[in-house]
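Chains as they are written, first to last, in this note's numbering: chain B, 426 to 538; chain R, 15 to 128. Cβ atoms here follow ideal geometry from the backbone N, Cα and C, with glycine treated the same way. Notes follow the structure.
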Amino acid sequence: DAKTTQPNSMESNEEEPVHLPCNHSTISGTDYIHWYRQLPSQGPEYVIHGLTSNVNNRMASLAIAEDRKSSTLILHRATLRDAAVYYCILRGYSGAGSYQLTFGKGTKLSVIP
Amino acid sequence: EPEVTQTPSHQVTQMGQEVILRCVPISNHLYFYWYRQILGQKVEFLVSFYNNEISEKSEIFDDQFSVERPDGSNFTLKIRSTKLEDSAMYFCASSEPGPGYEQYFGPGTRLTVT
């Protein structure tokens, strides 16, 4: 899977929007952009994913640059429960028929009350 | 909402003992995975399983590890002879096939080897 680059940490005030950036300049045309998060002492949790178009779901929005070399996860109103490590992961087709996730260090989001 | 379950939540074992970690993936999923996370470190891929066989494994997944789907619902990870360095959180996950599908993770089993 192609490499992604994320800031180590970010802070946000509660109830304000958060924009978490991810750079993936070596993304291939068939790579999906996935976001997961891991709350303290829990397993990873799926947040959102997309291929080319921006995506919205009940948890977040994903804005994908036109050249697909970067993306931004948007939490519209941060809550204390959103404090977690957020991972941006690319997933492409695998000849081995396996679609495992390769986790980096992610961005640790702190939410200030 | 469907979820992946794992048992036990915490397992303590002595070095050299065998342990089996159990997972029940989401029922209509076809791909199953094990990951581990040593305290304070990244989540690491161990193995993926599809169609009753391993589809890919990492360097961590050596001969002391094995996986099995003994029936239509359970997916197990066996560690034959545990070492101190096997102490970690072990997460099971499942997904539908293809890179455009999300993976669902279980809550994890904390393995402590003494």
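Beta-carbon proximity list for residue i, same chain, < 6 Å, skipping 5 on both sides
i      : result
B:Y512 : Y461, F528 and G531
B:D507 : L500 and V536
Buried versus exposed call for residue i [16 or more other C-beta atoms within 10 Å across all chains shown]
i      : result
B:S437 : buried
B:E491 : exposed
B:Y539 : Nothing in the structure corresponds to residue 539 of chain B, since chain B is present only between 426 and 538.
R:T96  : buried
R:G120 : buried
B:T451 : exposed
Cutoff 8 Å: residue i Cβ touching any chain R Cβ
i      : result
B:H474 : yes
B:Y518 : yes
B:G454 : no
B:K494 : no
B:Y511 : no
B:T527 : yes
Beta carbon proximity, residue i to chain B, threshold 8 Å
i      : result
R:G120 : yes
R:F59  : yes
R:I70  : Here the sequence assigns Glu to residue 70 of chain R, which means Ile is not the residue at that position. So, interface residue.
R:S62  : yes
Neighbouring residues, chain B, relative to residue i (Cβ below 7 Å)
i      : result
R:G112 : Y524
Listed by chain order, chain R residues near residue i by CB distance under 7 Å
i      : result
B:Q431 : Correct list: empty, because the minimum Cβ distance to chain R is about 13 Å.
B:Y471 : E116, Q117 and Y118
Proximity test, residue i beta-carbon vs the ligand GTP heavy atom, cut-off 7 Å
i     : result
R:D85 : With respect to the ligand GTP, the structure shown offers nothing to examine, as it has no ligands at all.
Neighbourhood of residue i by C-beta, 7 Å cutoff - its chain only, sequence neighbours within 5 removed
i      : result
B:A488 : N479, S496, T497 and I499
Contact set for residue i: own chain, Cβ-Cβ below 8 Å, skip 5 residues either direction
i      : result
B:T429 : C447, N448, H449, C513, I514, L515 and G529
B:P442 : I499, L500, H501, R502 and A503
Amino acids of chain R, ordered along the chain, whose beta-carbon sits closer than 8 Å to that of residue i
i      : result
B:K398 : The requested residue 398 of chain B is not part of the displayed model; chain B covers only 426 to 538.
Chain B residues whose Cβ lies nearer than 9 Å to that of residue i
i      : result
R:F105 : G468 and P469
> Is the number of C-beta pairs between the stretch 465 to 475 of chain B and the stretch 111 to 122 of chain R that are closer than 8 Å three or more?
Replying inline: yes
> So, do the stretch 438 to 458 of chain B and the stretch 97 to 106 of chain R have three or more beta carbon pairs nearer to each other than 8 Å?
Replying inline: no
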